[in-house]
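Reviewing the structure listed below.
Residue numbers (this note's numbering): -19 to 270.
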């Protein structure tokens, strides 16, 4: 048994505070707790500032870490309408020169424009579609039940492989996670079943793959890729490149309210001023990769 030391007793009030607010596992709560309040501060409307208000799913889809890059850690949330995800956001911190920075990356999963405020400030207002749907050229007829359709969607995702290319040209092969980030259905939108798959570094999603089947049984399955990083991204099916997203370095020093990036379907920005890391009650060790 590990003995309690004086330093352990000093840290005990902080540990008890973390335990008190847990709704997830101990490791997950350490990562997720700094981010849910920021997620709640978003007001996202479809079409215009007076259009339908999207609903935040307060349970994070994923609490991730990326020790490869500046001790990044974050949580992924979705905003939905009638059960269908319209926005996905990754809210995270990273450490640089003994300071902790707070960054948000917001991605449209909609074909409609939208307006997003963070607090009282305009944060993001994409004018064009965030995804482009394509039909699988050869897909099975959708199975009769959810379990069968989920198995089919996982099989359709497997042939794809993705890579992340750094600004210096270094390529990183991304890992397709076997389980979807999110499963959904939306009778109002005509979606019988849908799933969001992710290609990751460690547990950090970099490319998203959406697969859906609609109420039209003859239509089979459709898919769409979306970027979750501003570096170059490429997706292949075998040797054929089927999707790509170009490097966009305007996101590197992008801050909340920057007019250059507000209208883009993907926007990665610093949401708050940086803080000296030693002033924060952040975990000193990273959770284990899930």
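From the three backbone atoms N, C-alpha and C, an ideal C-beta is built for every residue, glycine too.
Please look up how many angstroms separate the CB atoms of residue i and residue j, rounded, as I've assumed it's under 8 Å.
{"i": "residue 195", "j": "residue 18", "result": "Contact doesn't hold; Cβ gap of about 36 Å is too wide."}
{"i": "residue 88", "j": "residue 26", "result": "With a Cβ gap of about 10 Å, residue 88 and residue 26 do not count as contacting."}
{"i": "residue 42", "j": "residue 160", "result": "Their Cβ separation, rounded to whole angstroms, is 11 Å, which puts residue 42 and residue 160 out of contact at 8 Å."}
{"i": "residue 152", "j": "residue 144", "result": "5 Å"}
{"i": "residue 57", "j": "residue 37", "result": "6 Å"}
{"i": "residue 200", "j": "residue 116", "result": "6 Å"}
Relative to the C-alpha of residue i, which residue among the options is closest?
{"i": "residue 148", "options": "70, 120, 211, 112", "result": "211"}
{"i": "residue 138", "options": "191, 63, 225", "result": "191"}
{"i": "residue 256", "options": "53, 73, 67", "result": "73"}
{"i": "residue 243", "options": "178, 167, 92, 187", "result": "92"}
{"i": "residue 174", "options": "45, 127, 217, 31", "result": "127"}
{"i": "residue 67", "options": "206, 224, 231", "result": "206"}
{"i": "residue 114", "options": "107, 84, 104, 136", "result": "136"}
{"i": "residue 155", "options": "131, 71, 180", "result": "180"}
{"i": "residue 30", "options": "95, 62, 37", "result": "95"}
{"i": "residue 233", "options": "104, 213, 150, 81", "result": "81"}
{"i": "residue 104", "options": "226, 225, 125, 24", "result": "24"}
{"i": "residue 62", "options": "124, 142, 166", "result": "166"}
{"i": "residue 162", "options": "189, 110, 150", "result": "189"}
{"i": "residue 146", "options": "28, 55, 228", "result": "228"}
{"i": "residue 108", "options": "28, 122, 224", "result": "28"}
Please report the straight-line C-alpha distance between residue i and residue j, rounded to a whole angstrom.
{"i": "residue 1", "j": "residue 39", "result": "Confidence is the limiting factor: at residue 1 the pLDDT is only 31, short of 50, which leaves the residue's position unreliable, though a coordinate-based value still follows. Their Cα atoms are separated by approximately 13 Å."}
{"i": "residue 253", "j": "residue 202", "result": "41 Å"}
{"i": "residue 235", "j": "residue 198", "result": "46 Å"}
{"i": "residue 7", "j": "residue 53", "result": "Confidence at residue 7 is low in this model, with a pLDDT of 48, below 50, so the placement of that residue should be treated as unreliable; the coordinate-derived value is given next. Residue 7 and residue 53: Cα-Cα distance of roughly 12 Å."}
{"i": "residue 216", "j": "residue 258", "result": "43 Å"}
{"i": "residue 78", "j": "residue 44", "result": "21 Å"}
{"i": "residue -7", "j": "residue 76", "result": "Residue confidence for residue -7 is low, a pLDDT of 37 falling below 50, so the modelled location carries little weight; the figure read from the coordinates is stated next. Using only the alpha carbons, I get a separation of about 28 Å."}
{"i": "residue 187", "j": "residue 222", "result": "13 Å"}
{"i": "residue 83", "j": "residue 15", "result": "10 Å"}
{"i": "residue 120", "j": "residue 133", "result": "10 Å"}
{"i": "residue 47", "j": "residue 183", "result": "10 Å"}
{"i": "residue 220", "j": "residue 164", "result": "29 Å"}
{"i": "residue 64", "j": "residue 171", "result": "8 Å"}
{"i": "residue 271", "j": "residue 112", "result": "Residue 271 is absent from the structure shown; the chain starts at -19 and stops at 270."}
{"i": "residue 226", "j": "residue 213", "result": "7 Å"}
{"i": "residue 70", "j": "residue 131", "result": "27 Å"}
{"i": "residue 118", "j": "residue 224", "result": "21 Å"}
{"i": "residue 150", "j": "residue 122", "result": "39 Å"}
{"i": "residue 218", "j": "residue 142", "result": "11 Å"}
{"i": "residue 99", "j": "residue 125", "result": "42 Å"}
{"i": "residue 55", "j": "residue 110", "result": "20 Å"}
Using a Cβ-Cβ distance cut-off of 8 Å, determine whether residue i contacts chain D.
{"i": "residue 47", "result": "Although the question refers to chain D, the structure presented lacks it and comprises just one protein chain."}
Taking the Cβ atom as the reference point for each residue, do residue i and residue j lie within a distance shorter than 8 Å?
{"i": "residue 20", "j": "residue 237", "result": "no"}
{"i": "residue 240", "j": "residue 248", "result": "no"}
{"i": "residue 59", "j": "residue 35", "result": "yes"}
{"i": "residue 85", "j": "residue 208", "result": "yes"}
{"i": "residue 129", "j": "residue 193", "result": "yes"}
{"i": "residue 245", "j": "residue 106", "result": "yes"}
*Curious, which full-length beta strand (DSSP E) runs of at least 3 residues does the stretch 90 to 161 contain?*
Those beta strand (DSSP E) runs which fall completely within the stretch 90 to 161 and span 3+ residues are 94 to 98, 101 to 104, 140 to 145, 151 to 153.
*Return the chain-ordered ranges of every beta strand (DSSP E) run that is complete within the stretch 13 to 87 and spans a minimum of 3 residues.*
List check, beta strand (DSSP E) in window: 22 to 26, 35 to 46, 52 to 61, 64 to 76.
*In chain order, which continuous runs of the beta strand (DSSP E) of length 3 or greater are located wholly inside the stretch 171 to 235?*
171 to 181, 184 to 194, 201 to 207, 212 to 217, 220 to 225
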